[in-house]
Structures are given as C-alpha cells and as structure tokens.
Amino acid sequence: MKRSHRVGAICQILTEAPEKLFGLNYFCDMFSAAKSSISEDISAAKAAVLATGNGYIETIPGAAGGVKYVPDISPEKIRDVQENLCNMLKEERRILGGGFLYTSDIMYDPAVVKDMARIFARRFRDSGADYIATIETKGIPVAFMTAHLLNIPVIVIRRETKISEGATVSINYFPGSSERLQKMSISKRAAAPGSKVLIIDDFMRGGGSIKGIAEIVSEVDNEVVGIGVAIANIEPQKKKVSDYFPIVYLGEVDEATKSVTALPNCQIF
Numbered sequence: 014m015k016r017s018h019r020v021g022a023i024c025q026i027l028t029e030a031p032e033k034l035f036g037l038n039y040f041c042d043m044f045s046a047a048k049s050s051i052s053e054d055i056s057a058a059k060a061a062v063l064a065t066g067n068g069y070i071e072t073i074p075g076a077a078g079g080v081k082y083v084p085d086i087s088p089e090k091i092r093d094v095q096e097n098l099c100n101m102l103k104e105e106r107r108i109l110g111g112g113f114l115y116t117s118d119i120m121y122d123p124a125v126v127k128d129m130a131r132i133f134a135r136r137f138r139d140s141g142a143d144y145i146a147t148i149e150t151k152g153i154p155v156a157f158m159t160a161h162l163l164n165i166p167v168i169v170i171r172r173e174t175k176i177s178e179g180a181t182v183s184i185n186y187f188p189g190s191s192e193r194l195q196k197m198s199i200s201k202r203a204a205a206p207g208s209k210v211l212i213i214d215d216f217m218r219g220g221g222s223i224k225g226i227a228e229i230v231s232e233v234d235n236e237v238v239g240i241g242v243a244i245a246n247i248e249p250q251k252k253k254v255s256d257y258f259p260i261v262y263l264g265e266v267d268e269a270t271k272s273v274t275a276l277p278n279c280q281i282f
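In the working numbering, the protein residues as written are 14 to 282.
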C-alpha cells in the first residue's frame, strides 16, 4: 500500500473511533509495515486531521500508549453553530400555542446534532465522565452523539418502568414547566456504583427534569460531573439547577408578532 493510502486509512480509522486508543502494532500488523514507517504516517495524519479544524490526533507515550483521535471544534466554528441554531429558532413557522417552539427537526438533524455534540465534547472532555445520562425525549440524539465523541456509554432515564430494564429505582419530580408531579426510573444495571455521569439534554426551562435526573442518578450511587443543554430558556432566571452549560438561550416567544428571541451563550469558551 502506498504511503498516501496508509495515511488516509489511518485518518479514517482514528476519526471513526474518537477517544479510542490504538497501539502502533495495530497499524503495523494491518499494513505489514515497520514501526518507523507507521510513525511517519501518523505524523502526516496528524497534520491532515489538524487542518480540518475538527480535532487532533494525540500520541500517548509508553508501553501501554498509542494514538487516538480527540474531537474538537474551533471557536470560530462554535460561533457559526450558535448563529445557525439561533437563526433556526427564530423562524416564524416554529411558534406553537402557549409560547412553545417546534424543535424536533433541529434535534433530529444529524449535522446540527453533531455540531452541538462537538461543543459538548470540547466542554466536558476533562470531566472524567464514565456515562452520559439523558431522559427519553428529543435529547437522546445529541446525548448519543456526545457519547460517541467521548467514547462512553449512554444511560436513558425512562418516564415509565419497563420490564426489560430489570430492577429499577424510581422517583417523583416536578418539571420546571409545571407543578404536576411526574415519575422517572433508572435501571439498577445502567451504571456501575461510584461512576461519574454527565447529563446532556435538548432543552431546559425551569430545570425540573434535569434536577430529577441528577437526583435519580445519585440514588444509584453515581456522581453528576456536568450538565449540558442545547437550549436553555432565559425565564425563569432562577432554575432548579445552578451549574449548567447551554449552547444558546431562548428568550421571549411572541405569538402575536411571530417573533422569537434567541441568543448565543457568550461564556461558552
């Protein structure tokens, strides 16, 4: 195989498995090449990946070391993602009755979700999270994509207990949007006791659902190490959770004038 072909293959293998460590012997065996040749190939791959602005290849020294792809996103690209998301939220056709917005097409768009996940991966890369937790709503796609970029599993919190989950723990909670008591449950097998959990969700109004996720995670002896939400409502200003990281803020939704206020999180860096 030509060197250019090896470099292309290495780039593809690494970028398709973010945060997964590959030993040099893996590529030596795959391409029947010497370590010196593979080292040169990896140097070329590093330059190629870095030029894309979507991450970098990191070398881990030592007998147990190797190389891995670390997803990233530039500040300029983050601003583009925020601007695009705000513009989408401001579209008149999204306005529903009661001051709500239709966002399903946004949260199920692979390209938009991947961009948001890159922001979360950059923000929480050093959180030490072992799992990502989300509730069974529109936040599942961005939670799964973030988990893929961080190379960790996902825990889906259920609104109703399912027999396929085995033994579960359930709690009652008050969503931020109403004072109507609701229920959520988690399988006792979802995460090992003592694990660290990162909460990722699509939207937060008052923080009631996310507070519920944090509480139920602690009920199975896990620690919350971060909270990321794609869109956070400005009102109410006092949320039921305090330490959270939004990509954009949603302001007033005026049904009469068909206008929506959406602002980027300026403290994202």
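Ideal Cβ positions, reconstructed from N, Cα and C, are used throughout, including at glycine.
Residue burial is scored here from C-beta neighbours: H161 has at least 16 other C-beta atoms within 10 angstroms and is therefore classed as buried.
Each of L194, S50, A203, T150 was checked against the Cα of D214, and the nearest Cα belongs to T150. Burial check for I86: the Cβ neighbour count within 10 Å reaches 16 or more, so the residue is buried.
Separation of P31 and G110 (C-alpha to C-alpha, rounded to the nearest whole angstrom) is 41 Å. Between A180 and V167, the gap from beta carbon to beta carbon reaches 7 Å or more. Rounded to the nearest angstrom, the Cβ distance from I184 to E232 is 7 Å, consistent with a contact under 8 Å. Closest option to A134, judged by alpha-carbon separation, among G152, I145, T159, Q25: T159.
Rounded to the nearest angstrom, the Cβ distance from C24 to A58 is 5 Å, consistent with a contact under 8 Å.
In this structure the segment 221-240 touches the segment 201-211; the number of beta carbon pairs closer than 8 Å is three or more.
Note: I240 is bridge-paired with I212 in the DSSP secondary-structure output. Sorting Y262, F113, I223 by C-alpha distance to the C-alpha of Y186 places I223 at the top. A distance below 6 Å between beta-carbons, with the five flanking residues on each side excluded, links L37 to the following residues of its chain, in chain order: K48, I51.
The shortest C-alpha to C-alpha distance from E248 to any of D234, M217, R107 is the one to M217. Distance from the Cα of K103 is smallest, within the candidate group R92, I91, D93, T116, for T116. In this model, A269 and C99 are separated by some 20 Å (Cα to Cα). Under DSSP, D267 forms a beta bridge with S272. Burial state of Y144 is buried, judged by a 10 Å Cβ sphere holding 16 or more other Cβ atoms.
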